[in-house]
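Only one structure is covered here, and it is reproduced in the block below.
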Amino acid sequence: MDPVTKALDELHRRISGLKGGEVASYIPKLAQADPEDFGIAITSMGGRRYQAGKADTEFTIQSVSKPFVYALALTDLGPDEMLRRVGAEPSGEAFNAISLEPGTGRPANPMVNAGAIATTALVSAADPEARSARILDCLSAFAGRRLGYDEEVYASEVATGDRNRALAYLMRAAGSLSEDPYAVTATYFRQCSVLVTAADLAVMAATLGNGGRNPVTGERVVERSVAVRTLAVMATCGMYDGAGEWLLSVGLPAKSGVSGGLIAVGPGRFGVAVYSPPLDAAGNSVRGVAALTAMSERLALHLMHVPVHLTATVTDTGHGARSSRARSPEESALLNASSRRIVVVGAQGELEFTETEQLLGAVEGAVPEPPGWLVLDLMAVTGIRPGSAAMLAAGLADVARRGHRIVVAAQEPFLAGVGGYSGWRAFAGRDDAVAWCEDQLLAGELPVGPPAAEGGSGPSAGAGCGP
Ligand code: GLU
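For our numbering, count along the sequence shown from 1 and bump the result up by 10.
Below you can see the structure in the form of structure tokens.
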């Protein structure tokens, strides 16, 4: 058994015994759920899927549909119009509260019922059937398989959903809902009655965590900016009136539903889902909350957790590096005598702000005096954010202005990423980079003071990174 499944199994075993909570009964059909059903599933950013317990048991998605339908409406309307129609403030109230802005009737956020019903109404469609079809298509794309409905739960909710209809009529009266309240709540009940499993929900959550691209099917379901906004709303409003406490203890964007489903997202890491029907007083799955709390603690998943840098960014700094080129005894003597003029700084991993700032600090500490050649060995750098690339380029430009020649050894994708900023000589390996500096030194091309432009290859030329 693989280690992730083993850990999930162990967590499942430990939390299975947890009693307490009530199965939701306000929709009569939901009251028939088995309180012992309990499944956990995880989908990684690589699209690998892990599960324990009853992760293939189907149940109705209920409110866990809300973030996905929000993502769909957001795609249709764009961020400004979406915010104008539905707010993004945590209401701190129960899922079916009348949380409407005084005056405008704008619902507080899309994760409580009023906002969710308004959001459903904003999904562009010619008629209610077409709207339901688009919603089902969207949920299916997030899940990576064709989903269907539980007709009995749908009928049960239609028969008893007066409070939701009342919310819709209130919004209509306040001017914040333009669709027919009866029809729109029916569409909302349809959306709530979509059948999913915990395994499906984990893929759906992972798609949000993967910037909107389903990591299992590879399909781009929503734009990255839409996924980011959806996760932000989940983080502040996803757990009903327990949202604040959830952010304190678990610290992940999440959404729960009255049927006992719960999803949480580790952005860029994984999607996780739990199914267990008994709910706590805030309407969140008791075992779901316990499982996610334990997982977050054990794996340090809390978003505010300061990441531990397991590997150093700067791997080596120093002078006296020599290339593998054959040199005559005289050349060797000259290179040895000037060994302080060629300095190498090596780095590895992903360069974000923290790492780039470290690297530039190491460069400052290493540059030779009088000016010489700075070889930056970035062969083991796996990526750089655009903001960090600009920061690195500005730092190196400053070093170059002081008369140093900058020589970079890096992989092609890295060079392409920072190409727009380059003012340095680039090579495909450290040895070639050092050899070029040696050749320059042997040819007497010593960097003294701020250099003149060198026809595209020197540190001040700023014209591409080609050798
Ligand atoms: N269909 C449910 C309702 O609106 C969904 C509620 C929920 O899961 O929070 O009443």
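Where is the CB? At the ideal position from N, CA and C, for every residue including glycine.
Exercise. Can you find a heavy atom of the ligand GLU that lies under 7 Å from the Cβ of cysteine 247?
Worked result: Along the sequence shown, one-based indexing puts residue 247 at 237. False, no ligand heavy atom lies under 7 Å from that Cβ.
Problem set entry | glutamate 167 burial status per 10 Å Cβ neighbour count (16 or more: buried) | Reading the sequence shown from its first residue, position 157 is the one you call residue 167. Glutamate 167 is buried by the Cβ-count criterion.
Exercise. Per DSSP, phenylalanine 78 is paired with what?
Worked result: Translated into positions along the sequence shown, residue 78 becomes position 68. Residue pairing by DSSP places phenylalanine 78 in no beta bridge whatsoever.
For this session: Over the uninterrupted beta strand (DSSP E) stretch that includes arginine 350, give me the two end residues.
Result: In the sequence shown, the residue the question calls residue 350 occupies position 340. Note, arginine 350: premise wrong, no beta strand (DSSP E); not H, not E.
Exercise. Cα separation between asparagine 294 and alanine 264?
Worked result: Position 284 of the sequence shown, counting from 1, holds the residue named residue 294. Position 254 of the sequence shown, counting from 1, holds the residue named residue 264. One C-alpha to the other measures close to 11 Å.
For this session: Report the option in Val74, Met121, Asp44 whose CA atom is closest to the CA atom of alanine 96.
Result: Numbered from its first residue, the sequence shown carries residue 96 at position 86. The sequence shown places valine at residue 96, not alanine. The residue with the shortest Cα to Cα distance from valine 96 is Met121.
Exercise. Closer than 7 Å: is that where the CB of asparagine 106 sits relative to any heavy atom of the ligand GLU?
Worked result: Reading the sequence shown from its first residue, position 96 is the one you call residue 106. Because some heavy atom of the ligand GLU lies under 7 Å away, the Cβ of asparagine 106 counts as near it: yes.
Problem set entry | Proximal residues to methionine 92 (C-beta, below 6 Å), its chain only, five neighbours per side dropped | Walking along the sequence shown from the start, residue 92 turns up at place 82. Contacts found: Leu84.
Problem set entry | Enclosing alpha helix (DSSP H) for alanine 296 [first to last residue] | Your numbering for residue 296 matches position 286 in the sequence shown. One detail in the question is off: residue 296 reads as valine in this sequence, not alanine. Valine 296: member of the alpha helix (DSSP H) spanning 296-309, first to last residue.
Problem set entry | Residues near glycine 405 by beta carbon distance below 6 Å, same chain, minus five either side | Within the sequence shown, numbered from 1, the residue matching residue 405 stands at position 395. Within the same chain, glycine 405 has close Cβ partners Leu370.
Problem set entry | Identity of the residues DSSP links to glutamine 61 by a beta bridge | One-based indexing of the sequence shown puts residue 61 at position 51. Glutamine 61 is bridged to Ala51.
Exercise. CA-CA distance, valine 299 and valine 391?
Worked result: Your numbering for residue 299 matches position 289 in the sequence shown. Your numbering for residue 391 matches position 381 in the sequence shown. Distance between the alpha carbons of valine 299 and valine 391: 38 Å.
Exercise. Going straight from the alpha carbon of alanine 165 to that of valine 33, what length do you get?
Worked result: Position 155 of the sequence shown holds residue 165. Position 23 of the sequence shown holds residue 33. Their Cα atoms are separated by approximately 19 Å.
Exercise. Cβ atoms of proline 38 and threonine 170: under 8 Å apart, would you say?
Worked result: Sequence index remark: in the sequence shown, residue 170 carries index 160 (1-based). Sequence index remark: in the sequence shown, residue 38 carries index 28 (1-based). Result yes, Cβ atoms of threonine 170 and proline 38 sit closer than 8 Å.
For this session: Kindly indicate which three-state DSSP category tryptophan 434 falls into: helix, strand or coil?
Result: The residue labelled residue 434 in the question sits at position 424 within the sequence shown. In this structure, tryptophan 434 counts as coil in the three-state DSSP scheme.
Problem set entry | Which of helix, strand or coil DSSP assigns to methionine 181 | In the sequence shown, the residue the question calls residue 181 occupies position 171. Three-state DSSP puts methionine 181 in a helix.
Exercise. Is it the case that the Cβ atoms of isoleucine 416 and leucine 452 are separated by a distance below 8 Å?
Worked result: As a working note, residue 416 is residue 406 in the sequence shown. As a working note, residue 452 is residue 442 in the sequence shown. Contact: no.
For this session: Measure how close the beta-carbons of valine 74 and glycine 271 come, nearest whole angstrom, since I'm counting them as under 8 Å.
Result: For the purposes of this step, residue 74 is taken as residue 64 along the sequence shown, with counting starting at 1. For the purposes of this step, residue 271 is taken as residue 261 along the sequence shown, with counting starting at 1. So it is a contact: roughly 5 Å between Cβ atoms.
For this session: Leaving out five residues on either side along the sequence, give the residues of the same chain with a beta carbon under 6 Å from the beta carbon of glycine 472.
Result: Numbered from its first residue, the sequence shown carries residue 472 at position 462. Bear in mind that a pLDDT of 32 at glycine 472, under 50, signals an unreliable position, so the model cannot answer this.
For this session: Would you mind reading off the limits of the beta strand (DSSP E) that contains leucine 272?
Result: Residue mapping note: residue 272 aligns to position 262 of the sequence shown, counting from 1. Where leucine 272 is concerned, the enclosing beta strand (DSSP E) stretches over 271-276.
Exercise. So, is histidine 22 buried or exposed, given that buried needs 16 or more other C-beta atoms within 10 angstroms?
Worked result: Taking the sequence shown and counting its residues from 1, the one referred to as residue 22 is at position 12. Its Cβ being crowded by 16 or more others within 10 Å, histidine 22 is buried.
Exercise. What number of angstroms, rounded off, separates the C-alpha of leucine 28 from the C-alpha of alanine 304?
Worked result: Taking the first residue of the sequence shown as 1, we reach residue 28 at position 18. Taking the first residue of the sequence shown as 1, we reach residue 304 at position 294. About 13 Å.
For this session: Report the three-state DSSP secondary structure of leucine 384 (helix, strand or coil).
Result: Counted from its first residue, the sequence shown places residue 384 at position 374. Strand.
Problem set entry | Sequence-distant residues of its chain with Cβ nearer than 6 Å to glycine 356 (five each side left out) | Counted from its first residue, the sequence shown places residue 356 at position 346. The residues are Thr325, Asp326, Asp387.
Exercise. Under the three-state reduction of DSSP, which class applies to histidine 329: helix, strand or coil?
Worked result: As a first step, residue 329 is located in the sequence shown; it is residue number 319 there, counting from the start. Strand at histidine 329.
Problem set entry | Rounded separation between glycine 154 and serine 54 - CA only | Numbered from 1 along the sequence shown, position 144 holds the residue referred to as residue 154. Numbered from 1 along the sequence shown, position 44 holds the residue referred to as residue 54. Looking at the two C-alpha atoms, the distance is approximately 14 Å.
Exercise. Between proline 100 and the rest of its own chain, which residues show a CB-CB distance below 6 Å, the 5 nearest in sequence each way excluded?
Worked result: Taking the first residue of the sequence shown as position 1, residue 100 is located at position 90. Within the same chain, proline 100 has close Cβ partners Thr246, Cys247, Ala253.
For this session: Can you check DSSP and say which residues form a bridge with glutamine 358?
Result: Looking up residue 358 in the sequence shown gives position 348. BP columns for glutamine 358 point to Ala390.
Exercise. Quick one: any contact between the segment 188-203 and the segment 126-136, if contact means 3 or more CB pairs under 8 Å?
Worked result: In short, these stretches touch, since the Cβ pair count reaches three.
Problem set entry | glutamate 360: CB within 7 Å of a non-hydrogen atom of the ligand GLU | For the purposes of this step, residue 360 is taken as the residue at position 350 of the sequence shown. Result no, Cβ not under 7 Å from the ligand GLU.
Problem set entry | tyrosine 164, DSSP secondary structure in three states | In the sequence shown, the residue the question calls residue 164 occupies position 154. It is helical.
Problem set entry | Bounding residues of the alpha helix (DSSP H) (the contiguous stretch that carries isoleucine 145) | The residue given as residue 145 occupies position 135 in the sequence shown. It spans 138-153 - the alpha helix (DSSP H) in which isoleucine 145 sits, taken as one unbroken run.
For this session: List the DSSP bridge partners of valine 232.
Result: Here residue 232 refers to the residue found at position 222 when the sequence shown is read from its first residue. The partner list for valine 232 (beta bridge, DSSP) is empty, contrary to what the question assumes.
Exercise. Grouping DSSP H, G and I as helix and E and B as strand, with all else coil, what is alanine 135?
Worked result: To locate residue 135, count along the sequence shown from 1; it is residue 125. Correct three-state label for alanine 135: coil.
Problem set entry | Distance between alanine 51 and leucine 510 (C-alpha atoms, nearest Å) | A query on residue 510 cannot be resolved here, the shown segment of the chain reaching from 11 to 477 and no further.
Exercise. What first and last residue would you give for the beta strand (DSSP E) that runs through phenylalanine 363?
Worked result: By one-based count along the sequence shown, residue 363 stands at place 353. First-last for phenylalanine 363: 363-376, but that is the alpha helix (DSSP H), not the beta strand (DSSP E).
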